[in-house]
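Under mature numbering (1 follows the signal peptide of the UniProt record, and there is no 0), the letters of the sequence shown match residues -26 to -1, 1 to 412, in that order. Here the structure comes first, spelled out in structure tokens, and everything after it is commentary.
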Amino acid sequence: MKKNLQHVFTSLFCSSLLLVSATAVAEEKVAAKQLIAIKAGRLIDVENARVLRDQLIMIDGERIAAITPLATTSIPVNATMIDLSKATVLPGLIDAHTHLTSNPRQHGYSSLGTSNVRAALYGVRAARDTLNAGFTTVRDVGSEGFADVALRDAINDGDFPGPRVLASGYALGIKGGHCDNNLLPPEYNDVGKGVADGPWAARSKVREMAKYGADQIKICATGGVLSKGDAAGAQQYTLEEMQAIVQEAHKLGRKVAAHAHGASGISDAIRAGVDSVEHSSLIDAEGIQLAKQHGTWLVMDIYNDDYILGEGEKAGFLPESLEKEREIGQKQRDNFRAALLGGARMAFGSDAGVYPHGDNAKQFYYMVKYGMTPMQAIQAATINAADLLGQKEKIGSIKAGKFADLIAVEADPLADVTVLTKVSFVMKNGSIYKTAAK
Ligand SMILES: [Zn+2]
């Protein structure tokens, strides 16, 4: 009797599992190294800013083999067919500013009880949620204990699902700055592992990040919103320090991403030759002009203001952080429009980890509200971000030879960009991670 009951429970449990996996939240992984034919009703060609109708995308293993009009193509008999003929197919999305190991419910003092190892394990869930949301590549810009490097390697080894990750290791910054740890009193001797003052110490720190696996170098050029005791607008690294960092990083084949809110820090970071300026909240006309002249990417995170001010101290944000956000949030959105009109290059980056992982696409609404067309916003999160990451030949568009990173949405994102928050199909490297398709 007992056994029978157990059997009933077990089969009930199993059938509910089956039910779940048959719905849109299914995480079905079809093994790579096989031929897949995708019928795409609408295909967004981000390189030429146009929509192609009724295309057949052939995937051979990890890569895209061909894109041809469906009407004139015969489908190989050995191919697995995926029918997305009622959907819009886009390249996998790219977020150039995430912190996969950051828990959005544990900011400020509530973060102090979390070990680097626990944060790395939290990152496993964040990586899965990010991939499920259609973000097949992220640039992680700063984590403790090289947890982002470990996440990248574990995902690449197939241990668990996640986006391809470009890791930074520790973010470099001045003593007491945004990238230092400033929550504890002096007797705790808590100094951020990315702290490096002076050009040579900073060069040495770049070498250390590269040694332990960083794909790019993240620095803090100015103060920040979520750090204690600094003004977000104030410059922190000097021009001389940033020049040393950029020279060293580029010599080692690493790009540099500079966190910067204030105008002078933004301008000096661009003069020093950084590859992207993150946040860019208080960028002025000079900064926009310099960014345009140097071809520097601006990565402006204009969604998370909603989360920071909405959650407030419940998510652990410091009272001073909330004050800084109230001061800076709207200015950043207005300056997004100014930078766009001024002709600066812009790539999608959201600061996921400040807010819940997987909500990355909520930012599209604001990108369109503050001046981009839906196509421009999609380009920022695909081909532009791929360019910033130095991966333009491999990802960022649906093109023969590139990695098969594709997503689909049921409605038209060019008519309503917010449909990108409801991704129904995710393929990375030719493997399917989410599908509602037959
Ligand atoms: Zn950040």
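Just so you know, even glycine gets a beta-carbon here, dropped at the ideal spot from N, CA and C. These figures come from a predicted structure and were not determined experimentally.
When the Cα of residue i is compared with those of the options, which residue comes out closest?
i: residue 245; options: 220, 203 and 340; result: 220
i: residue 361; options: 170, 328, 59 and 70; result: 70
i: residue 259; options: 308, 298 and 225; result: 308
i: residue 68; options: 265, 404 and 359; result: 359
i: residue 415; options: 277, 41 and 251; result: There is simply no residue 415 to check, as the chain begins at -26 and stops at 412 in what is shown.
i: residue 232; options: 266, 271 and 200; result: 271
i: residue 96; options: 116, 121 and 82; result: 121
i: residue 202; options: 373, 347, 81 and 302; result: 81
i: residue 49; options: 32, 58 and 36; result: 32
i: residue 42; options: 372, 410 and 385; result: 372
i: residue 84; options: 37, 58 and 158; result: 158
i: residue 402; options: 264, 377 and 390; result: 377
i: residue 415; options: 334, 391 and 407; result: Only positions -26 to 412 of the chain appear in this structure, which leaves residue 415 out of reach.
i: residue 117; options: 145, 109, 127 and 126; result: 145
i: residue 369; options: 30, 13, 111 and 291; result: 111
i: residue 275; options: 286, 222 and 351; result: 351
i: residue 223; options: 204, 199 and 248; result: 248
i: residue 314; options: 282, 262 and 284; result: 262
i: residue 198; options: 125, 165 and 296; result: 296
i: residue 347; options: 311, 379 and 131; result: 311
i: residue 390; options: 374, 342 and 381; result: 342
i: residue 94; options: 119, 396 and 289; result: 119
i: residue 72; options: 306, 374 and 273; result: 273
i: residue 156; options: 200, 124, 138 and 113; result: 200
Which residues in the same chain as residue i place their Cβ atom closer than 7 Å to its Cβ, once the five residues preceding and following it in sequence are excluded?
i: residue 26; result: 17 and 19
i: residue 171; result: 148 and 149
i: residue 168; result: 144, 145, 146, 147, 153 and 179
i: residue 243; result: 195, 216, 232, 234 and 251
i: residue -3; result: Model confidence at residue -3 stands at a pLDDT of 37, short of 50, so the residue's coordinates are unreliable; what they give is reported in the following sentence. Only 398 and 410 meet the Cβ criterion.
Apart from the five residues on each side of it in sequence, which residues of its chain come closer than 6 Å, Cβ to Cβ, to residue i?
i: residue 207; result: 235, 236 and 256
i: residue 173; result: 214, 215 and 218
i: residue 189; result: 140 and 141
i: residue 317; result: 266
i: residue 354; result: 320, 321 and 322
i: residue 385; result: 393
i: residue 331; result: 100, 103 and 104
i: residue 366; result: 360
i: residue 98; result: 134
i: residue 177; result: 218 and 222
Using the Cβ count rule (16 or more neighbours within 10 Å means buried), how would you classify residue i?
i: residue 106; result: buried
i: residue 62; result: buried
i: residue 383; result: buried
i: residue 161; result: exposed
i: residue 78; result: buried
i: residue 320; result: buried
i: residue 387; result: buried
i: residue 55; result: exposed
i: residue 269; result: exposed
i: residue 394; result: buried
i: residue -6; result: Interpretation of residue -6 is limited by its pLDDT of 39, a score under 50 that renders its predicted location unreliable; the figure taken from the coordinates is listed afterwards. It counts as exposed.
i: residue 254; result: buried
i: residue 279; result: buried
Name the two residues that bound the continuous alpha helix (DSSP H) containing residue i.
i: residue 349; result: 348 to 354
i: residue 125; result: 121 to 130
i: residue 361; result: 357 to 362
i: residue 338; result: 337 to 343
Provide the residue span of the beta strand (DSSP E) that contains residue i, from first to last.
i: residue 314; result: Careful: residue 314 lies outside any beta strand (DSSP E), inside the alpha helix (DSSP H) at 293 to 315.
i: residue 181; result: Taken as a continuous stretch (DSSP letters only), residue 181 belongs to no beta strand (DSSP E), being part of the alpha helix (DSSP H) at 173 to 185.
i: residue 139; result: 138 to 140
i: residue 369; result: No beta strand (DSSP E) contains residue 369, which DSSP labels as neither H nor E.
i: residue 383; result: 380 to 383
i: residue 20; result: Unbroken run through residue 20: none, as it is neither H nor E.
i: residue 408; result: 405 to 408
i: residue 402; result: 397 to 402
i: residue 111; result: 109 to 114
So, for residue i: in the same chain, excluding its five sequence neighbours on each side, which residues have a beta-carbon less than 8 Å away from its beta-carbon?
i: residue 226; result: 180, 181 and 184
i: residue 364; result: 229
i: residue 5; result: In this prediction, residue 5 scores a pLDDT of 48, lower than 50, which makes its location untrustworthy; the coordinate-derived value is nonetheless stated afterwards. Contacts found: 405.
i: residue 87; result: none
i: residue 127; result: 187
i: residue 345; result: 310, 311, 314 and 315
i: residue 300; result: 283
i: residue 23; result: 349 and 353
Let me check you understand the geometry: is the CB of residue i closer than 7 Å to at least one non-hydrogen atom of ligand 2?
i: residue 71; result: With respect to small molecules bound, the structure shown includes ligand 1 and not ligand 2.
Indicate whether at least one CB of chain D lies closer than 8 Å to the CB of residue i.
i: residue 99; result: Going by chain labels, chain D is absent from the structure shown, which holds only one protein chain.
### Message
Just to confirm the assignment: which complete beta strand (DSSP E) runs, minimum length 3, are found wholly within the region 30 to 99?
### Response
37 to 43, 54 to 65 and 67 to 72
#### Entry: Unbroken stretches of the alpha helix (DSSP H), 4 residues or longer, contained in the region 246 to 298
259 to 268 and 279 to 285
### Query
At which residue ranges does the region 188 to 238 contain complete beta strand (DSSP E) runs of 3 or more residues, listed in the order of the chain?
190 to 194 and 229 to 234
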